[in-house]
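What follows is a single structure, written as structure tokens, with notes after it.
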Amino acid sequence: MSKKTFLEDIYDRDNVPDVAALYDEWAATYDAEIADNGYATPKRCAEALAKVATDHSQPVLDFGCGTGLSGMALRLAGFETLDGRDLSSEMLTQAQAKGIYRDLQQVTPDTGIEGIVGRYSLIAAIGVIGVGAGPASLVHSLLNALPTGGLLVFSYNDHVIQDTEYAEARDTALSSGLAIERLREFGPHLPGQNLNSDVYVFEKQ
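In terms of this note's numbering, the sequence shown opens at residue 9 and continues consecutively.
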């Protein structure tokens, strides 16, 4: 299966077990294929979080860490301690090999938030919340897992920005007083696929 087929296929998936299976299949070639398309969002998200966070020594939960590309970007941005969670066991194998995580755990859609509530003041969901991946409700779930003053960095690519459900989840988190927006930046996501993304840093209220 070519990189184009993988990238196109993921945006057609709305069943989480299918997504996990797809990422298991993709894991061995994911880094190379994504790099070929100029994947820019991990670096942009990591640098956005670094701008807002005052203490880079605090542990960061890399939620939906995949093969660890997001973790590498967070480490390069100055974050010292990283924990990762992902649905795909094969992706986690690739992440483990990078040697940058303190702890890695496989989660299911039902248990993804269990055990993290109140444990982290910094959570990253880089390329995770979106069509064919994490549900719109993850914005609220991850914010609710943070203590007051905690920071969530996440991204919405072009497909997600155009989806009403995801836009409403983002906007409701702000209008309800659950969070305030500390940073929002639009820029490249996958230039090789002509995709851009918004990067957000929300602070839990």
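Glycine is no exception: its CB is placed at the ideal position from the N, C-alpha and C atoms. Computed from a predicted model, the values in this text were never measured in an experiment.
Open item on the list: Using 8 Å as the cut-off, can you tell me whether the stretch 63-72 makes contact with the stretch 37-53, which would need three or more C-beta pairs spanning the two stretches below that distance?
Closed with: Output reads no: the stretch 37-53 does not touch the stretch 63-72.
Open item on the list: In whole angstroms, give me the CA-to-CA distance for Met99 and Asn152.
Closed with: The alpha-carbon separation between Met99 and Asn152 amounts to approximately 26 Å.
Task: Opposing strand residues paired with Asp206 [DSSP bridges] - done: Under DSSP, Asp206 takes part in a beta bridge, and its partners are Tyr164, Phe194.
Task: Rounded distance between the beta-carbons of His148 and Ala177, thought under 8 Å - done: Rounded to whole angstroms, the Cβ separation of Ala177 and His148 is 7 Å, and the two are in contact under 8 Å.
TODO: Would you mind sorting Gln170 into buried or exposed? The rule is 16 or more other CB atoms within 10 Å of its CB.
DONE: Answer is exposed; the Cβ neighbour count stays below 16.
Task: Proximity winner among Asp111, Glu211, Gly195, Phe162, relative to Ser205 (alpha-carbon distances) - done: Nearest in C-alpha terms to Ser205, of all of Asp111, Glu211, Gly195, Phe162, is Gly195.
Open item on the list: Please report the distance separating the alpha-carbon of Thr101 from that of Glu55.
Closed with: Rounded to whole angstroms, Thr101 to Glu55 spans 25 Å at the Cα level.
Task: Straight-line Cα distance separating Arg110 from Leu69 - done: About 10 Å.
Task: Cβ contact check for the stretch 151-168 and the stretch 117-134: 3 or more pairs under 8 Å - done: At 8 Å Cβ cutoff, the stretches touch.
Task: Closest Cα partner of Lys212 within the set Asp32, Val125, Asn45, Gly135 - done: Among Asp32, Val125, Asn45, Gly135, the Cα nearest to that of Lys212 belongs to Val125.
Task: Buried versus exposed, by CB contacts within 10 Å (16 or more), Ile108 - done: Buried, because 16 or more other Cβ atoms sit within 10 Å of the Cβ of Ile108.
- [ ] Would you please state the rounded distance, in angstroms, between the beta carbons of Val209 and Leu57? I believe it to be under 8 Å.
- [x] The distance from the Cβ of Val209 to that of Leu57 is about 6 Å, consistent with a contact at the 8 Å cut-off.
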